[in-house]
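Each residue of the sequence shown is one higher than the last, beginning at 41 in the working numbering. Report on one structure; see the data block that follows.
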Amino acid sequence: MVDHKSPEPCLAYKLIQYWQNDYMAELIYYCGTMDSGKSTLALQTAHNHRSRGRDGVIFTSKDRAGKGLISSRLGLQIDALEVDEDMDIHKLIVERLSIGGRINFIICDEAQFYTPTQIEQLAKVVDGLGIDVYAFGILSDFRTKLFPGSARLVELADRVQTLQVEALCWCGERATHNARTVGGKMVTEGEQVVVGDVSTSSNVAYEVLCRRHHMRNVTSKVSNPASEQPLPFNN
41 MVDHKSPEPC
51 LAYKLIQYWQ
61 NDYMAELIYY
71 CGTMDSGKST
81 LALQTAHNHR
91 SRGRDGVIFT
101 SKDRAGKGLI
111 SSRLGLQIDA
121 LEVDEDMDIH
131 KLIVERLSIG
141 GRINFIICDE
151 AQFYTPTQIE
161 QLAKVVDGLG
171 IDVYAFGILS
181 DFRTKLFPGS
191 ARLVELADRV
201 QTLQVEALCW
211 CGERATHNAR
221 TVGGKMVTEG
231 EQVVVGDVST
241 SSNVAYEVLC
251 RRHHMRNVTS
261 KVSNPASEQP
271 LPFNN
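Right under this line is the structure:
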């Protein structure tokens, strides 16, 4: 009698089954106010993966340093793919994989500027392709309203993590809100997206505030107007 045994699965098949059964890729959203080190963490995450021989794709949108860059206030920056509202992120990743590219991770900086559809594409990459996605961004705008991209990330992400580095309000308390200033004075109306920085040298800028001072519209300049007046003995 012939013993018809099932063929032994090949090693490649076993590895695929192990990957699918024992590893779950994640979509993780790291969020904080401006000046809390989001881009610095994005750069560090990219370095950590690349230093271990892992390949990834890095995206950004509307970085203050210019198109196609991730920049940190510490002076570091790397090239990245600029995400505009028409980009199909899932399609781009699939096309790279189909020509033999290796993608172990994806980093998305300034994720608050991505469209809700693009956030859904990132979730599709995680679930369908098994690639980890690390997103970094700001939850709410200068009006304390959630950015559409951030809102969809909160809804879909496997984990939402608040950055441990706390930005500080001018009063010394933990900063929780982003304020837009014009000439040093806080404004609460206008376009949701106006690229700026926390530098006080530009007319349109941003400042991080605690909730108390954000609700009272009290910026550092408003809190201490006398600091801009010349002392009488300086004349």
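Even for Gly, the Cβ is constructed at its ideal location relative to N, Cα and C. Keep in mind it's a predicted model, so treat the numbers as computed, not measured.
Requested in this report: On the DSSP bridge assignment, give the partners of residue 117 in chain order.
Outcome: Along the sequence shown, one-based indexing puts residue 117 at 77. In the DSSP output, where bridge partners are listed per residue, residue 117 has 111.
Query raised in the report: Less than 8 Å separating the beta-carbons of residue 86 and residue 96?
Result: Sequence index remark: in the sequence shown, residue 86 carries index 46 (1-based). Sequence index remark: in the sequence shown, residue 96 carries index 56 (1-based). Yes, these two residues count as a Cβ contact at 8 Å.
Query raised in the report: Can you give, in chain order, each stretch of the beta strand (DSSP E) that sits fully within the segment 173–221 and has at least 3 residues?
Result: Within the segment 173–221, the complete beta strand (DSSP E) runs of at least 3 residues are 199–202.
Query - Reference residue 75; option with closest CA among 264, 261, 219 and 255 - result: Indexing the sequence shown from 1 puts residue 75 at position 35. Nearest C-alpha to residue 75: 219.
**Report entry** Cα-Cα separation between residue 144 and residue 107, rounded to whole angstroms
**Finding:** In the sequence shown, residue 144 corresponds to position 104, counting from 1. In the sequence shown, residue 107 corresponds to position 67, counting from 1. Their Cα atoms are separated by approximately 24 Å.
Query - Buried versus exposed call for residue 255 [16 or more other C-beta atoms within 10 Å across all chains shown] - result: Position 215 of the sequence shown holds residue 255. By the Cβ neighbour-count rule, residue 255 is exposed, with fewer than 16 other Cβ atoms within 10 Å of its own.
Report task. Would you mind stating whether residue 71 and residue 260 have Cβ atoms separated by less than 8 Å? Result -> What you label residue 71 is simply residue 31 of the sequence shown in a count that begins at 1. What you label residue 260 is simply residue 220 of the sequence shown in a count that begins at 1. Taking 8 Å as the Cβ cut-off, residue 71 and residue 260 do not qualify as a contacting pair.
Query - Per-residue burial, residue 128 [other beta carbons within 10 Å of its own, 16 or more giving buried] - result: Within the sequence shown, residue 128 is the residue found at index 88, counting from 1. Classification of residue 128: exposed, given that the 10 Å Cβ count is below 16.
**Report entry** Reduced DSSP secondary structure (H/G/I, E/B, other) of residue 96
**Finding:** Along the sequence shown, one-based indexing puts residue 96 at 56. Note: residue 96 maps to strand in three-state DSSP.
Requested in this report: Put residue 229 into one of helix, strand or coil per three-state DSSP.
Outcome: Here residue 229 is taken as the residue at index 189 of the sequence shown, counted from 1. Of the three classes helix, strand and coil, the one that applies to residue 229 here is coil, per DSSP.
Query raised in the report: So is residue 149 buried or exposed if we call it buried at 16+ other beta carbons inside 10 Å?
Result: Translated into the one-based positions of the sequence shown, residue 149 becomes position 109. Per the 10 Å Cβ criterion, buried.
Requested in this report: Using three-state DSSP, classify residue 122 as helix, strand or coil.
Outcome: Taking the sequence shown and counting its residues from 1, one reaches residue 122 at position 82. Three-state DSSP puts residue 122 in a strand.
Query raised in the report: Where does residue 146 sit, in a helix, a strand or coil, going by DSSP?
Result: By 1-based counting over the sequence shown, the position of residue 146 is 106. Secondary structure of residue 146 (DSSP, three-state): strand.
Query raised in the report: Are there 16 or more other CB atoms within 10 angstroms of the CB of residue 137, so buried, or fewer, so exposed?
Result: Locating residue 137 in the sequence shown gives position 97, counting from the first residue. Counting C-beta atoms within 10 angstroms of its own C-beta, residue 137 has fewer than 16 neighbours from the protein chains shown and is therefore classed as exposed.
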